[in-house]
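In the UniProt record's numbering, the protein residues as written are 1 to 708.
The beta-carbon is built from N, C-alpha and C at its ideal position, and this holds for glycine as well.
All of these numbers come straight from a predicted model, not from anything done at the bench.
Each remark here refers to the structure printed beneath this line.
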């Protein structure tokens, strides 16, 4: 009866749940997901109840603006005026678009305890004025740019710095920064981003300017971390910071970490420092340059307490030394949660003296590692050839499946292939795709199952990688990177024109392995690089359908190099990636045309896009339409094969059309092989450069929770 239906509908409407009828606890939990600027400036003006809840201490105690790309100077000013006295922790890291005058409003936050201004424009005078009013500050993160003058810091500012316990300092010029003023430091994080040459082409010196030679105070130091960008100046400056440590090692030091690319030679001072550490401290976290570990007996003498992080990236450490000197012959290391063995080509072999990098691993070493470190959450085994033997049950994937707590994992492509499959499909097999540029070879396209269930039935019994993905259901970050892969855009160098061929064992890794990844329901970040046997990219669609939490996607050199064979599957995948925020594509001959950008427009949450393509092409009209439809996009980096004129015109059009409504907009469109590429790169905000534009493995790159 129509009347009965109407009465039932009206009854349901009258019994509908009103959001304001929820308890305060539930509403506060819901509001915690709303950016603080929206809460204070918009939501609290809707009704009296929300006006009270939005100012609750649980919501105003910590203010996070680091990825609030819509915030501007006026919003920050109003926010500080309304709740400045209630803020105890303020994170503005990476807010590069805000003018330096914005910092003046932080003086309203009289009770501030933790402040992160990394990536913000701060002059010496403004820093002095601000810190003079923050007497309760205990944690600080800042950048030190050219022109910084410590002599401009007032006595009140230095008094505040003397009480700071945690300091994160990013150096763009040779300087001690504010370190000498921080006499109570317990945690010191240093990021060296100094270039060897000035913009005018002059060579820079690593010697500190006169008047900045104050001695840092490390007597209370518990954590020392230094990350160096490539360049000799960074090495010179960090040695000056380490000189004081070599004279007297802090008794409470429990984490000592130095991340240095390339060769960073050991000196007499650093050797004295390491000897002192071996005698006087027990460490919980360790990372050293490879030259300091290779060929030395250092690890045999260092003492560890309850280690939670080890990084031996790029070291020639053998598996025998790893087990004997670090894990103490299988000692229980349940405290270890993060392990970086990236580039350790012999870490799963008993010895490295007569071993080739491509030889099979010793499964007993990996098994000892898995058993001893059963609580690992982050593991990086990339940039090496980890080939499993034909022994049943001893495949690398089978052993790693025991690590049930893993949240992030990085593996080389050749490590996930089935041994039998790699033997049955030699590199000369007709169905393999040539990995070279030049004349294209026509190939037969293999027929793949259309749905995930059919693929699962084919692979679940035979594929060790499928089984591994099925056992790591809570994995959030996965990187599968070819052991010989190198990005076409290395830092501070010209673009690489040729890439090395993939490992022979990796030749059979393709679409079915990609489809196996779709089992990771909670996957948030995925990197796939140099998978040679991608023929259609069909597995990408499965990932798009099943991995609904995916936020970061990076694809590089998949399938044949002369043609983007997975374009159709990629476009189908993107239509389902509603949560995707960051997309990085690196592929020769990539055509960024209307169809691609139309598919990408379905990614309504997308914020950052980076495309790197030798001989790649783009359609300017399609890019402009995409930017107009995707309102959240604030970063567009494209390094293609187009002319400089085309690139400049498109970049100017995007900036002119969208900069006003998107204050954080950062656009770089430039020819990949242009000689001035490195000069263009140096102007990219460090947040984007480090997180997406430059390719690198990020699993276990730093200790977990190194900074808030």
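Check: DSSP three-state assignment for residue 192, whether helix, strand or coil; Outcome: strand
Check: Residue 401 vs residue 363 beta-carbon contact at 8 angstroms; Outcome: no
Check: Complete runs of the beta strand (DSSP E) confined to the region 188-273 [at least 3 residues]; Outcome: 223-228 and 255-259
Check: According to DSSP, residues forming a beta bridge with residue 616; Outcome: Beta-bridge pairing links residue 616 to no other residue.
Check: Residue 614 to residue 669 span [Cα, whole Å]; Outcome: 13 angstroms
Check: Separation of residue 537 from residue 570, as counted between CA atoms; Outcome: 7 angstroms
Check: Distance, residue 246 Cα to residue 272 Cα; Outcome: 6 angstroms
Check: Inter-residue spacing [alpha-carbon to alpha-carbon] between residue 150 and residue 300; Outcome: 42 angstroms
Check: Counted within 10 angstroms of its Cβ, other Cβ atoms place residue 207 as buried (16 or more) or exposed; Outcome: exposed
Check: The region 698-706 contacting the region 640-650, beta-carbon criterion three pairs below 8 angstroms; Outcome: no
Check: Burial state of residue 52 (16 or more Cβ within 10 Å); Outcome: exposed
Check: Residue 682 - DSSP class collapsed to helix/strand/coil; Outcome: coil
Check: Exposed unless 16 or more other CB atoms sit within 10 angstroms - verdict on residue 46; Outcome: exposed
Check: Alpha-carbon to alpha-carbon, residue 417 and residue 719; Outcome: Nothing about residue 719 can be reported from this structure: the residues present for the chain run from 1 to 708 only.
Check: Backbone secondary structure at residue 557 - three-state DSSP; Outcome: coil
Check: Residue from 542, 556, 589 and 554 with nearest C-alpha to residue 572; Outcome: 542
Check: Continuous alpha helix (DSSP H) stretch holding residue 182: start and end; Outcome: Where residue 182 is concerned, there is no enclosing alpha helix (DSSP H), given that its DSSP letter is neither H nor E.
Check: Cα-Cα separation between residue 580 and residue 205, rounded to whole angstroms; Outcome: 43 angstroms
Check: Of the residues 155, 191 and 131, the one placed nearest residue 170, counting alpha carbons only; Outcome: 191
Check: Residue interval of the beta strand (DSSP E) (run including residue 63); Outcome: 62-64
Check: C-alpha distance - residue 341 paired with residue 83, whole-angstrom precision; Outcome: 45 angstroms
Check: Through-space distance from residue 635 to residue 75, alpha-carbon basis; Outcome: 21 angstroms
Check: Contacts around residue 637, its chain only, beta-carbon distance under 6 angstroms, and the 5 residues preceding and following it disregarded; Outcome: 610, 668 and 693
Check: Closest residue to residue 372 among 223, 339 and 297 (Cα-Cα distance); Outcome: 339
Check: First through last residue of the alpha helix (DSSP H) which encompasses residue 590; Outcome: Careful: residue 590 lies outside any alpha helix (DSSP H) and carries neither H nor E.
Check: Alpha-carbon to alpha-carbon, residue 529 and residue 512; Outcome: 15 angstroms
Check: Option nearest residue 242 by Cα separation, candidates 229, 231 and 257; Outcome: 257
Check: Length of the line joining the Cα atoms of residue 446 and residue 22; Outcome: With a pLDDT of only 42 at residue 446, under the threshold of 50, the placement of this residue in the model should not be trusted; the figure read from the coordinates follows. If you take the alpha carbons of residue 446 and residue 22, they lie about 55 angstroms apart.
Check: Reference residue 194; option with closest CA among 619, 584 and 230; Outcome: 230
Check: CA-to-CA distance, residue 627 to residue 654, given in whole angstroms; Outcome: 8 angstroms
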